[in-house]
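Notes for the one structure printed next.
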Amino acid sequence: GVNQHGVFVGICNRRVFEPLGSNRSRGLLVKEVLKAPTSRLAVERALEETRKHRFEAFNLVIADRDFGFAIHHDQEDEVVDLQPGLSIIGGRNLNDPRDERVQLAGRLLTLQNLDSPVKFLAVASKVFARTPNPLARASMVIQGGDYGTVSSTLIALGPKPRDAIFQYSDGPASEARFEDYSPLLRDILSRGLRESRSKAAAAVEMADADADLAEAAEVD
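Under the numbering used here, the letters of the sequence shown match residues 5 to 224, in that order.
Shown next, in the form of structure tokens:
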């Protein structure tokens, strides 16, 4: 998800040998982390939640326009900084060379120069629609009996709300087309920006009022 401050939070399963034993949904973790106004504060909130509750293993990605992080959670928490450029995460560590799906996505997303969010998402929509190939061990769309890909989301965030892109496929991208919900995300970000500006203006007015009171006290 993305909150009104432009903080992105995404979660996926993490491979472990056996369940950790949880008492809280990982979906509730995401909702709690999305209350944070910055990515750094979101990381702090996530770590606080893992100290208070037991969750099954997960990989959590948190990012805003300034910083990005991945949290690997199993027996312990590991926080990894996202570096500029392409980062991919699946069921293992960030950019894990052992993860065949991560390596496949990396190859397919770097075959050409993608110098804009629009170009990147156009290619990503095709990459994430890649179905199993009998000649290849890895695929982006997972198909199975009671386990598999159920949806796909493409999100791009820029310096301004109008730069945001939000596309959603209600099903495997190989079967369901991506629908554009960018106006919804842009509206959320615009309202967040207006809220931040209002709070900043109120803080300035309060500071001016305090200064006036202090000056009046000195005169008296």
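For each residue, glycine too, the CB sits at the ideal point set by N, CA and C.
When we look at the beta-carbon of residue i and count the other beta-carbons within 10 Å, is it buried (16 or more) or exposed?
i      : result
ARG195 : exposed
THR153 : buried
SER26  : exposed
GLN171 : buried
LEU193 : buried
SER120 : exposed
LEU188 : exposed
GLY10  : buried
SER173 : buried
ASN7   : buried
SER43  : buried
PRO23  : exposed
ASN117 : exposed
LEU161 : buried
PRO88  : exposed
Return yes when the Cβ of residue j is within less than 8 Å of the Cβ of residue i, no when it is not.
i      : j      : result
GLU179 : ALA142 : no
PHE12  : ALA67  : yes
VAL122 : ALA133 : no
ILE92  : VAL65  : no
ALA61  : ARG18  : yes
ALA168 : ARG201 : no
LEU125 : LEU158 : yes
ARG28  : ARG58  : yes
GLN147 : PRO136 : yes
LEU197 : PRO165 : yes
THR114 : LEU98  : no
GLY72  : VAL34  : no
ASP78  : VAL20  : yes
So what does residue i bridge to, in DSSP terms?
i      : result
TYR151 : DSSP output for TYR151 lists no bridge partner at all.
VAL145 : The partner list for VAL145 (beta bridge, DSSP) is empty, contrary to what the question assumes.
GLU53  : Looking at the DSSP assignment, GLU53 forms no beta bridge with any residue, so it has no partner.
VAL83  : ILE75
ASP184 : GLN171
ALA67  : PHE12, GLY72
VAL131 : Answer by DSSP bridge pairing: none, since VAL131 is not bridged.
I'd like the span of the beta strand (DSSP E) that includes residue i, first residue to last.
i     : result
ALA74 : 72-77
GLY14 : 12-17
VAL37 : Segment 30-37 is the alpha helix (DSSP H) holding VAL37; no beta strand (DSSP E) there.
Tell me where the alpha helix (DSSP H) around residue i begins and ends.
i      : result
LEU113 : 104-113
SER156 : No alpha helix (DSSP H) holds SER156; the beta strand (DSSP E) holding it covers 156-160.
PHE170 : No alpha helix (DSSP H) contains PHE170, which is instead part of the beta strand (DSSP E) from 169-173.
PHE59  : Taken as a continuous stretch (DSSP letters only), PHE59 belongs to no alpha helix (DSSP H), as it is neither H nor E.
LEU118 : It is not in any alpha helix (DSSP H) - LEU118 carries neither H nor E in the DSSP assignment.
field: the stretch 105-113 contacting the stretch 42-55, beta-carbon criterion three pairs below 8 Å
entry: Taking 8 Å as the limit for Cβ pairs, the verdict is that the stretch 42-55 does not touch the stretch 105-113.
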